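Inspection log for the structure reproduced underneath, given as structure tokens.
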Amino acid sequence: MSVRAAIDGVSVKLGSVQALDGVTLVVEPGTFVALLGPSGCGKTTTLNVLAGFVRPDVGVVSFDGEDVTGVAPHRRDLGIVFQGYALFPHMSVADNVGFPLRMRRVARAQRGAKVHEALALVGLEEHARRSVATLSGGQRQRVALARAIVFEPRMLLLDEPLAALDKQLRDSMQLELRRLQQRLGITAVAVTHDQVEALTMADVVAVMRDGRIEQIGAPAEVYARPATTFVATFLGEANLVRVDSGELAGFGRIGGSATGQAVIRPEHATVHRDEAPDGAGLTAAASIEEVSFQGARLRARARLLSAPDTLLTITQPTGAVELSLQPGDRVTLQVDRRDLHVIPDAAAHIAGEARPLETAPDRRVAER
Amino acid sequence: MNDGGAALRTSLTLALGPWRHPLTLAAVLIGLFLLIPILIIFPISLTRDSFLTWPPHLFSLRWFEQLFETPAWTDAISKSVRIAVPVALIATLIGTLSAIGLAYASHGRRLLQTLFIAPLVLPIITYALGIYDVSQRFDMTASVWPVIVGQAMLATPIVFIVVSSGLAGRDMQLPYAAASLGAPAPRVLWHVELPLLRASIAASALIALAYSFDEIIIAYFLSPPGSGTLPVQILASTRETADPTVAAASMLVIGVTATIGALLVLARTLLARRSA
């Protein structure tokens with residue numbers, strides 16, 4: 004149930020659009036890879052290439068070293084959870100889950116046992132006889148999942164698996180999906196535009212843009228050390244602050260002679276009323292321009308006094324700042340050197356969208 | 131959807147204001163105007179008189195007896211049935227397969243779609259003449275097959291349109307899902323596409339049946355003299371006699387069509403209830 008899947012130098016043109024441009028991706032056995040990116044970045048096309056729905060113009064797809072580029076979808080033995088679940092409306096829950104077994108001509112008795120087992124795995128064994136039309140969104144999601152794993156496929160593909168669920172259900176399903184994938188030890192590839200989802204579920208995150216993979220790595224690694232300003236701003240929120248020859252705008256020397264963009268995550272800057280309590284870390288005087296209360300966190304925009312072009316977004320746990328912040332307040336911002344990551348200008352140029360001396364736009368995708 | 135309907139209705143009512151009542155009245159009048167021919171035929175078919183007269187003297191079933199006992203009429207009825215059933219079968223088969231085939235087509239879909247619908251705007255007289263000519267060449271003028279082929283050709287677009295709309299309404303991911311779960315194309319068709327289209331296919335078959343039962347131009351041109359379908363016999367008989375059997379025959383045609391209409395409504399209601 005765990006295949007090593009590889010895409011090697013795959014390019015796909017859909018109509019006049021270059022959907023994939025020389026994508027190479029290796030999915031190690033038993034790992035969970037999340038393809039993350041804005042719409043139109045090629046993540047769904049990558050999934051379709053793995054599934055066999057889209058045939059690459061150039062490049063090779065292989066499972067465990069075996070070339071499957073020209074193999075039809077129904078022979079690939081992949082369990083796919085579709086965005087809208089794609090449950091067969093004319094079949095009961097049990098018939099939906101039993102469908103892949105029926106297609107494999109598994110004997111009826113054996114089929115029943117396996118269907119029961121798969122439904123038990125997602126906690127729906129009591130709903131076997133129900134019509135799929137009577138199920139809630141979360142239940143449909145589970146049926147789709149049971150149907151995708153019941154035949155012990157070589158790999159699990161998930162296309163925006165949780166996009167249709169409301170936020171609370173989505174949060175719990177993320178963990179549940181992850182647990183299930185680890186329990187089965189199955190190789191999985193998920194497509195998502197939701198960065199939290201990707202960071203929560205995956206062993207490996209591949210950030211895609213314009214038909215290419217911009218960066219691939221462990222979630223914590225990609226979050227802490229984004230290779231480009233695009234990755235920095237797409238994965239979480241980031242303040243990009245100009246660095247010139249080791250000089251961080253507003254904060255002073257950071258050592259070295261790097262020139263580029265420093266990534267300062269909003270949660271990595273602490274706010275102090277007066278001087279910073281100890282000399283450690285980089286500090287800069289700033290004035291608060293905007294404050295919003297978000298429950299557990301306080302979110303503020305601060306302009307550096309010595310570099311007035313630089314506007315930082317900062318979030319603080321509520322209560323961390325002794326007095327509540329007001330627009331116009333003078334404060335000291337403190338950043339730990341270890342939290343600082345500089346993207347050299349060469350890399351920023353690849354990203355093409357670097358905007359020096361300006362806070363990166365908030366790229367979090369709106370809730371649907 | 132019901133809520134949307136209610137909101138639309140409220141907004142329309144408000145927008146129309148006092149014009150609402152005259153509009154409703156006009157709609158009722160138009161409806162009545164369309165119904166009047168049927169309302170007139172019905173009592174005439176139950177007349178005791180020997181002629182088509184108005185007002186009729188009620189009540190007698192003798193013209194219905196006449197309809198089911200005179201060989202000319204019973205022949206026409208049986209011929210109508212023998213033509214309508216194969217027409218419905220052929221049109222349903224071709225229309226359904228072409229609709230599904232076109233849904234999968236990558237090139238020329240638009241052009242082919244237009245071609246499949248084209249028979250609807252064909253000048254039927256010209257087409258009938260053409261078939262007549264062809265059937266003469268094959269020496270088939272005495273057979274029912276030219277009528278069947280001609281009517282099937284004209285009924286196919288109806289099936290095509292109904293099934294295509296059924297296809298457009300389904301979840302586009304279902305065939306992909308079936309393929310990913312191990313179904314090769316023929317089994318996708320058999321286990322997923324066709325079962326989902328059951329209602330559309332059944333509905334279009336019934337409409338094709340009703341169409342053939344009612345069709346006259348093709349039937350008139352291509353039927354051998356003296357042995358037409360029911361509509362042809364009705365037309366011939368109104369020319370020869372003023373015999374009220376015609377009214378009874380008309381009621382039969384209306385009855386068949388109405389029954390099919392009722393079946394369609396029933397099927398829709400049942401389906402809607404099941405999927406709700």
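Protein chains in written order, with my numbering: chain Y, 4 to 371; chain F, 131 to 406.
Here a beta-carbon is modelled for each residue, glycine too, at the ideal position from N, C-alpha and C.
Remember, it's a predicted structure, so these values are computed and weren't measured experimentally.
Measure from the C-beta of residue i to each C-beta in chain F and report whether the shortest distance is under 7 Å.
i	result
I10(Y)	no
V20(Y)	no
P41(Y)	no
I83(Y)	yes
G87(Y)	yes
A131(Y)	no
H93(Y)	yes
H77(Y)	yes
P59(Y)	no
R107(Y)	yes
P103(Y)	yes
A54(Y)	yes
By the three-class DSSP mapping on this structure, what secondary structure does residue i have?
i	result
P347(Y)	strand
H352(Y)	Caution applies to H352(Y), whose pLDDT of 46 falls short of 50 and renders its modelled position unreliable; the value that the coordinates give is listed next. In this structure, H352(Y) counts as helix in the three-state DSSP scheme.
I317(Y)	strand
A22(Y)	strand
M106(Y)	helix
E179(Y)	helix
H237(F)	coil
Q297(Y)	strand
R276(Y)	coil
G55(Y)	coil
A309(F)	helix
R341(Y)	helix
D373(F)	coil
D301(F)	coil
L50(Y)	helix
Q363(F)	helix
L168(Y)	coil
Does the CB of residue i have a neighbour CB from chain Y at under 7 Å?
i	result
A313(F)	yes
L304(F)	yes
L326(F)	yes
S407(F)	Any answer about residue 407(F) is impossible in this case: the structure gives chain F only from 131 up to 406.
A329(F)	no
D179(F)	no
A157(F)	no
A307(F)	yes
M131(F)	Here the model assigns M131(F) a pLDDT of 44, short of 50, so the residue's position is not dependable and the matter cannot be decided.
D301(F)	yes
Give me the Cβ distance between residue i and residue j, rounded to the nearest whole Å; I'm assuming they're in contact under 8 Å.
i	j	result
V318(F)	P305(F)	5 Å
L314(Y)	R302(Y)	Not a contact, Cβ separation roughly 13 Å.
I213(F)	I278(F)	6 Å
V64(Y)	V52(Y)	6 Å
A377(F)	I207(F)	In fact, because the Cβ distance is near 15 Å, the residues do not count as touching under 8 Å.
I83(Y)	A121(Y)	Contact doesn't hold; Cβ gap of about 15 Å is too wide.
L165(Y)	M176(Y)	5 Å
R143(Y)	G126(Y)	About 13 Å separates the two Cβ atoms, so there is no contact after all.
Among the options, which has the Cα closest to the Cα of residue i?
i	options	result
I346(F)	L182(F), W193(F) and I255(F)	I255(F)
F189(F)	S180(F), P173(F) and W203(F)	P173(F)
D11(Y)	A22(Y), Q21(Y), P41(Y) and G68(Y)	G68(Y)
I364(F)	S228(F), D205(F) and A335(F)	D205(F)
A229(F)	R369(F), P152(F), S330(F) and L352(F)	S330(F)
L250(F)	G280(F), D263(F), W193(F) and H237(F)	G280(F)
D80(Y)	T387(F), E323(F), A377(F) and A309(F)	A309(F)
Y257(F)	V386(F), P287(F), H321(F) and L352(F)	L352(F)
A288(Y)	S295(Y), A299(Y), R276(Y) and V234(Y)	R276(Y)
Q319(Y)	V274(Y), G115(Y) and E31(Y)	V274(Y)
So who's on the other strand from residue i, going by DSSP bridges?
i	result
V36(Y)	V192(Y) and V207(Y)
I267(Y)	N242(Y)
A288(Y)	T335(Y)
Q218(Y)	V210(Y)
I10(Y)	L28(Y) and V64(Y)
G82(Y)	L159(Y)
S134(Y)	S95(Y)
L188(F)	T177(F)
E250(Y)	D247(Y) and R256(Y)
K16(Y)	Q21(Y)
D70(Y)	S65(Y)
R306(Y)	S290(Y) and L314(Y)
Can you find a heavy atom of the ligand PLP that lies under 6 Å from the Cβ of residue i?
i	result
M94(Y)	The ligand PLP is absent from the structure shown, which contains no ligands of any kind.
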